[in-house]
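Q:
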Ligand SMILES: NC(=O)c1ccc[n+]([C@@H]2O[C@H](COP(=O)([O-])OP(=O)(O)OC[C@H]3O[C@@H](n4cnc5c(N)ncnc54)[C@H](OP(=O)(O)O)[C@@H]3O)[C@@H](O)[C@H]2O)c1
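Numbering (the working numbering), first residue to last: 356 to 609.
1) Three Cβ pairs or more, each shorter than 8 Å: is that satisfied between the stretch 418 to 426 and the stretch 442 to 455?
2) For the beta strand (DSSP E) that contains residue 527, what are its first and last residues?
3) Residues around ligand 1, please: the condition is that the C-beta lies closer than 5 Å to some non-hydrogen atom of it.
4) How long is the line joining the alpha carbons of residue 470 and residue 366, rounded to whole angstroms?
5) Report yes or no: is there a C-beta of chain C within less than 8 Å of the C-beta of residue 452?
6) Taking the alpha carbon of residue 457 as the reference point, which residue from 430, 446, 537, 439 has its own alpha carbon closest?
7) Who are the near neighbours of residue 403 in its chain, counting only those whose CB is closer than 6 Å to its CB and skipping five residues on each side?
8) With respect to the alpha helix (DSSP H) encompassing residue 566, which residues constitute its N-terminal and C-terminal limits?
9) At which residues does the beta strand (DSSP E) containing residue 387 begin and terminate?
10) Report yes if the C-beta distance between residue 595 and residue 582 is below 8 Å; otherwise report no.
11) Note down the Cα distance separating residue 478 from residue 463, rounded to an integer number of angstroms.
12) Going by the DSSP bridge assignment, what does residue 402 pair with across the sheet?
13) Any idea which residues DSSP pairs residue 462 with across the strands?
14) What is the residue span of the beta strand (DSSP E) that residue 503 lies within?
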C-alpha cells in the first residue's frame with residue numbers, strides 16, 4: 356500500500372484524486388488546499404486540511420499546485436520523511452526544497468476539472484534523485500497508467516514546450532476558427548469531423564506527411580483570397596506566419 360497526500364485542489368489534483376481513490380494499492384491520506392472552500396469536493400471519507408503545518412505522514416506528497424508556488428510550498432513542508440513530487444511540465448525537480456526527497460510526477464495531458472480523462476492512456480513522466488525513489492514513483496504511476504516514462508528535467512522542459520505547440524496553440528487555432536465561423540453565421544460544429552480526423556491522422560502518419568492545404572500546395576491565389584477575407588489584423592498575422600512556416604517546411608517561398 357502506498358500512502359499519499361495530495362497538495363492542491365485544482366484540475367490536476369482533482370483528476371489524480373479521482374484516479375487514485377479507486378485503487379486498492381493506494382491510500383489517499385489527506386488533501387491539502389490553502390482555501391477551505393475548495394476542499395469540499397475532496398471531503399467524502401478523506402481527511403482534508405488548509406493548514407500546511409498539519410500535513411499527515413505519507414510515503415509520497417504530490418504537489419499539484421500552480422507552477423509559481425511549487426518552490427515556496429515545498430519549503431513550507433515540515434516532513435520527517437517521504438518523497439515530494441510536483442506535477443509540472445516546466446519546473447525543474449531541483450526547484451523543490453533541498454531538505455526533502457525530491458521527484459516529479461508529470462502527467463502529459465490537458466486537464467479540466469469537469470472533463471473525465473482515462474489515465475491508463477496518459478503518459479506519466481517521472482524523475483527522482485535515487486533509484487529507490489524512482490521505483491516508488493514508478494509503482495505509484497503504474498497503478499493508474501500503462502505508460503510510465505523516465506524523463507529528466509531538461510527533457511521535460513522541451514516536452515512541455517512541444518506540448519504547448521501540440522495542444523495550447525492548436526486549441527487557440529480552434530478558437531480563431533470559431534470566431535471566423537461566428538462572424539459568418541456558421542455553426543462551429545460543422546468543423547468537428549475535420550478536427551477529429553486531423554488528430555486521428557497523426558496517430559498513423561507523421562505530421563510532415565499529414566499536412567494539406569493551400570500553403571503546402573503553394574496555391575498563391577487562394578492564399579491571397581483568404582488574406583483579403585480576414586477581417587481582423589490578428590487573424591491576418593497568424594495566417595501569414597503559419598502559411599510562411601508551412602511554405603518553408605515544404606521548400607517553397609510565399
Ligand atoms: N491543467 C493541466 O492541463 C496540467 C497538465 C499537466 C500538469 N499540470 C501542472 O499541474 C499543476 C497544477 O495545475 P492545475 O491545472 O491543476 O492548476 P489549477 O487548476 O489552477 O490549480 C492550482 C492549485 O494551486 C493552488 N495554489 C496556487 N498558489 C498557491 C499557493 N501559493 N499556496 C498553496 N496553493 C496554491 C490553488 O489554490 P487556490 O484554489 O486557493 O488558488 C489550486 O489548488 C501545475 O504545476 C501545472 O503546470 C497541469
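Ideal Cβ positions, reconstructed from N, Cα and C, are used throughout, including at glycine.
A: Looking at the coordinates:
1) yes
2) Segment 525 to 538 is the alpha helix (DSSP H) holding residue 527; no beta strand (DSSP E) there.
3) 363, 364, 365, 366, 367, 389, 390, 393, 419, 420, 421, 422, 424, 442, 443, 465, 466
4) Going by the C-alpha atoms only, they are around 9 Å apart.
5) Considering every chain present, this structure includes no chain C. It has just one protein chain.
6) 439
7) 386, 394, 397
8) Here residue 566 belongs to no alpha helix (DSSP H), and DSSP marks it neither H nor E.
9) 381 to 387
10) yes
11) 6 Å
12) 385
13) 479
14) 503 to 505
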